[in-house]
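See structure below.
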Amino acid sequence: MADRERRGLVARWLEGKERSEDYARSTLPTSRWGLFWDILKGRFGRLILVNLMVFVTCIPIILIVFFHSYSLAALGASGSFGSGLGIGYPYVPFVPGQSEWAIMQLDLFYFGLLIPACVIAGVGISGGMYIIRNLIWTEGIFVANDFLRGIKRNFFNVMEAAIFFSVILFLATIVGDLADFFVAVGSTASGWMVASKVVGYILVALATLITLWMISLGVNYKQGPFALLRNAVVMTVGTFPQTVFFAVLATWPVFLCIFGQGFLLIVGMIILILFGISWLLLVWMDYSQWAFDKFVNPEHGIATGRGLYNKDKAAENGARPAQVGLEESAVMREMRRQIVAQGKSKLVCRPIKPVDDGVDMYQLPESFSREDLQKLRESRAAVEEDVKQYEEEHKGDAQYVEYNRFFEEQERAIREEEANSGGKKKKKKKNAKPPKLLNKR
Numbered sequence: 001m002a003d004r005e006r007r008g009l010v011a012r013w014l015e016g017k018e019r020s021e022d023y024a025r026s027t028l029p030t031s032r033w034g035l036f037w038d039i040l041k042g043r044f045g046r047l048i049l050v051n052l053m054v055f056v057t058c059i060p061i062i063l064i065v066f067f068h069s070y071s072l073a074a075l076g077a078s079g080s081f082g083s084g085l086g087i088g089y090p091y092v093p094f095v096p097g098q099s100e101w102a103i104m105q106l107d108l109f110y111f112g113l114l115i116p117a118c119v120i121a122g123v124g125i126s127g128g129m130y131i132i133r134n135l136i137w138t139e140g141i142f143v144a145n146d147f148l149r150g151i152k153r154n155f156f157n158v159m160e161a162a163i164f165f166s167v168i169l170f171l172a173t174i175v176g177d178l179a180d181f182f183v184a185v186g187s188t189a190s191g192w193m194v195a196s197k198v199v200g201y202i203l204v205a206l207a208t209l210i211t212l213w214m215i216s217l218g219v220n221y222k223q224g225p226f227a228l229l230r231n232a233v234v235m236t237v238g239t240f241p242q243t244v245f246f247a248v249l250a251t252w253p254v255f256l257c258i259f260g261q262g263f264l265l266i267v268g269m270i271i272l273i274l275f276g277i278s279w280l281l282l283v284w285m286d287y288s289q290w291a292f293d294k295f296v297n298p299e300h301g302i303a304t305g306r307g308l309y310n311k312d313k314a315a316e317n318g319a320r321p322a323q324v325g326l327e328e329s330a331v332m333r334e335m336r337r338q339i340v341a342q343g344k345s346k347l348v349c350r351p352i353k354p355v356d357d358g359v360d361m362y363q364l365p366e367s368f369s370r371e372d373l374q375k376l377r378e379s380r381a382a383v384e385e386d387v388k389q390y391e392e393e394h395k396g397d398a399q400y401v402e403y404n405r406f407f408e409e410q411e412r413a414i415r416e417e418e419a420n421s422g423g424k425k426k427k428k429k430k431n432a433k434p435p436k437l438l439n440k441r
């Protein structure tokens, strides 16, 4: 065996062990939890690299959040309702509601800018999520190439999810600001506005879950805009408790940066810059792969269990456990039939006369006539007749009889097994119908 090609540190880091000669499929984890920890421990450096690449596209969102907070602080210190001469300068005759109105004006501007900023962040998320998906599928990756390939394949689906979330967040924020304004000025409709504010918060929480599902569905499967939204809603409702738990587990670095103060805010920013985004993508994609293995309909030709090693060698194309035994028995019968058919040699099962024994074939001269062709045909017919006669005389020899009897018994056993398996009536269990989802990507 030739010596293995020596590679540099950067090449080994980018390629990983899945492209090396000593890698085996049997070393793969057998569960999603095991796969998650295997990637976390074995690909931590690559996760940091992916995190930095995605973080660059999230800088506009971070700047908008920073300037929004700074503008609110500046507004509280300089507005007519803040510190100053008396009630403020210049004089405002009616102070109640002024702060709420000013805050709404700021939110209109900054949360409006947040929509295109989320679309820009979707560029990095589409590339980063594609790399994380390939890691979970245990496919070989090149970070830079796969990042660009992920943007090309998944950007429009991720853009749809980003616009969906940012628009709902924008509308809910403005409705909440209007509610605060009407309460401050003592409007009679303030009760309804407060209720709408609560509904807005609930919609933002649901939109967060649906957006996460839209991203994972869009990266894994090829779907249209309406099918993507519909399937995301189906997965959110169908796995609601698990979805809430893993969404909180995946997004805690983001919430630590949003709600943290002082030291916690600094820690949250460091985690977000180095590892937080990759953590979010890895946790959510690993969980969504588990959900796809459980709920995606394998009858549509979609592979499930990707990245996991199946010790039982069950059907890797998504066959249900109740069908595995029947399919394996059919495969075994077909394999035995092929062995019998291929093992029974036509050169051994019947007598064949030696070439150098018997009638000689007539040879045509260099210049031949019609009479020579007639002699050739008669000679060939005589040879064929002599071969048939030899086969009839020796077909009862012991070696041919024993050889044919062995394969006939094998074929009879296969036919009896098929007849017995087909005659038994088994009760059919009604399997739970998975959601009508997805096309193969």
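Everything in the sequence shown is counted per my numbering, starting at 1 for the first residue and increasing by one.
Cβ atoms here follow ideal geometry from the backbone N, Cα and C, with glycine treated the same way.
Computed from a predicted model, the values in this text were never measured in an experiment.
Item                                                                                                                      : Value
Asn-157 burial status per 10 Å Cβ neighbour count (16 or more: buried)                                                    : buried
Residue closest to Ala-250, alpha-carbon to alpha-carbon, out of Leu-264, Gly-276, Leu-75, Ala-381                        : Gly-276
C-beta contact flag for Leu-217 and Thr-243 at 8 angstroms                                                                : no
From Ile-125, Val-175, Arg-306, residue whose alpha carbon lies closest to that of Phe-147                                : Ile-125
Residue interval of the alpha helix (DSSP H) (run including Arg-306)                                                      : From DSSP, Arg-306 is part of no alpha helix (DSSP H); its letter is neither H nor E.
Length of the line joining the Cα atoms of Ala-314 and Phe-246                                                            : Caution applies to Ala-314, whose pLDDT of 43 falls short of 50 and renders its modelled position unreliable; the model cannot decide the point.
Check whether Tyr-130 and Gly-150 have beta carbons under 8 angstroms apart                                               : yes
As assigned by DSSP and simplified to three states, the class of Glu-402                                                  : helix
Cβ-based burial, Glu-100 [other Cβ within 10 Å; buried from 16]                                                           : buried
Buried versus exposed call for Ala-74 [16 or more other C-beta atoms within 10 Å across all chains shown]                 : exposed
Span of the alpha helix (DSSP H) around Ala-247                                                                           : 240-259
Pair within 8 angstroms by beta-carbon distance, Cys-118 and Ala-189                                                      : no
Three-state secondary structure (DSSP) of Cys-118                                                                         : helix
CB of Leu-228 within 8 angstroms of CB of Ser-166, strictly                                                               : no
Cβ pair Gly-176, Lys-197 closer than 8 angstroms                                                                          : yes
C-beta contact flag for Ile-103 and Leu-72 at 8 angstroms                                                                 : yes
Exposure of Asn-145, with buried meaning 16 or more beta-carbon neighbours within 10 Å                                    : exposed
Contact set for Ile-168: own chain, Cβ-Cβ below 7 angstroms, skip 5 residues either direction                             : Leu-203, Val-204, Ala-207
Nearest-angstrom beta carbon gap, Tyr-400 and Pro-351 [assumed within contact, 8 angstroms]                               : 6 angstroms
Coil, strand or helix - Ile-414 by DSSP                                                                                   : helix
Three-state secondary structure assigned by DSSP to Tyr-221                                                               : coil
First and last residue of the uninterrupted alpha helix (DSSP H) at Val-54                                                : 44-57
Distance between Arg-405 and Ile-141 (C-alpha atoms, nearest Å)                                                           : 55 angstroms
Test item: CB-CB of Val-199 and Ala-179 under 8 angstroms                                                                 : no
Through-space distance from Asp-293 to Arg-415, alpha-carbon basis                                                        : 36 angstroms
Whole-angstrom C-beta distance between Val-283 and Leu-272, which should lie under 8 angstroms                            : The pair is not a contact, with the Cβ atoms about 14 angstroms apart (cut-off 8 angstroms).
Neighbour-count burial assignment, Thr-236, 16 or more Cβ in a 10 Å radius                                                : buried
Endpoints, the alpha helix (DSSP H) within which Val-158 is located                                                       : 143-184
Own chain, CB closer than 6 angstroms to Cys-58, minus 5 neighbours either side, in chain order                           : Ala-121
Helix, strand or coil at Met-269 according to DSSP, with G and I counted as helix                                         : helix
Among Ile-132, Phe-109, Asn-154, the one whose alpha carbon lies nearest that of Val-123                                  : Asn-154
Spatial neighbours of Val-54 in its chain, beta-carbon cut-off 7 angstroms, leaving aside the 5 residues before and after : Gly-124, Ile-125, Gly-128, Ile-277
Chain C contact for Gly-128 (CB, 8 angstroms cutoff)                                                                      : Among the chains in the structure shown there is no chain C, since it carries only a single protein chain.
Burial state of Glu-160 (16 or more Cβ within 10 Å)                                                                       : buried
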